[in-house]
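Working notes, structure below.
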Amino acid sequence: MPYRGRWDHAANPKGLKEYPVAAATVIAVGDLCIWDPVTLKILPASSTTLWGSNEATSRVNLADKFVGIAHSAHAAAGDEGDMVRVGGRGVYSMPVGTAVAFEIGDWVGGDKDSGGNFLYAQSVEKVTVHDEAIGLVVRRYAAATGIVEFEIKGLHELGGGQRQFLTS
-10 MPYRGRWDHA ANPKGLKEYP VAAATVIAVG DLCIWDPVTL KILPASSTTL WGSNEATSRV
50 NLADKFVGIA HSAHAAAGDE GDMVRVGGRG VYSMPVGTAV AFEIGDWVGG DKDSGGNFLY
110 AQSVEKVTVH DEAIGLVVRR YAAATGIVEF EIKGLHELGG GQRQFLTS
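Those letters in the sequence shown? Residues -10 to 157, by this note's numbering.
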């Protein structure tokens, strides 16, 4: 199930930015996106460049490089220099890897593939460590749920950055 964005980007377009993407990179609408400081392009969260020595390190890498959620797609047959629109702030709904209860203000981070060493591009998990978080839950779920609404603020947004947003 792809994401459902609730932020009104038509009335408030400041949250949408365009980022360059490599010709061979596949990005789908709804992918969590990161900024790669080596190539100066965006990648989906499922990129193997995020994987560290363990799951926690990979989630921290995602949080440190997180720019937002893709609003346009890019096929592998695209051209070098193509751009992808990314929502860097707003409220989104996404599937949860493991259904759990959520309270308002809980942190969400990347969801790891149980059989491999990578994170999913369109799924999140409840995390308990601030450094692994990419967003804050905005709606309470008293019972275990498979979809969660959370607010994001990407790396390139104004106002103190993502770390300040997640702790305020």
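All C-beta atoms in this analysis are idealised placements derived from N, C-alpha and C, irrespective of residue type, glycine included.
Since the model is a prediction, treat every value here as computed from it, not as a measurement.
{"Check": "Three-state secondary structure (DSSP) of Asp120", "Outcome": "helix"}
{"Check": "Strand pairing of Glu140, partner residues [DSSP]", "Outcome": "Val80, Leu125"}
{"Check": "Nearest neighbour of Leu108, chosen from Trp24, Ala122, Ala34 [CA to CA]", "Outcome": "Ala34"}
{"Check": "CB of Val73 within 7 Å of CB of Val127, strictly", "Outcome": "no"}
{"Check": "Beta carbon of Lys54 nearer than 7 Å to that of Trp96", "Outcome": "no"}
{"Check": "Proximity winner among Tyr8, Glu146, Gly124, Ala12, relative to Gly67 (alpha-carbon distances)", "Outcome": "Ala12"}
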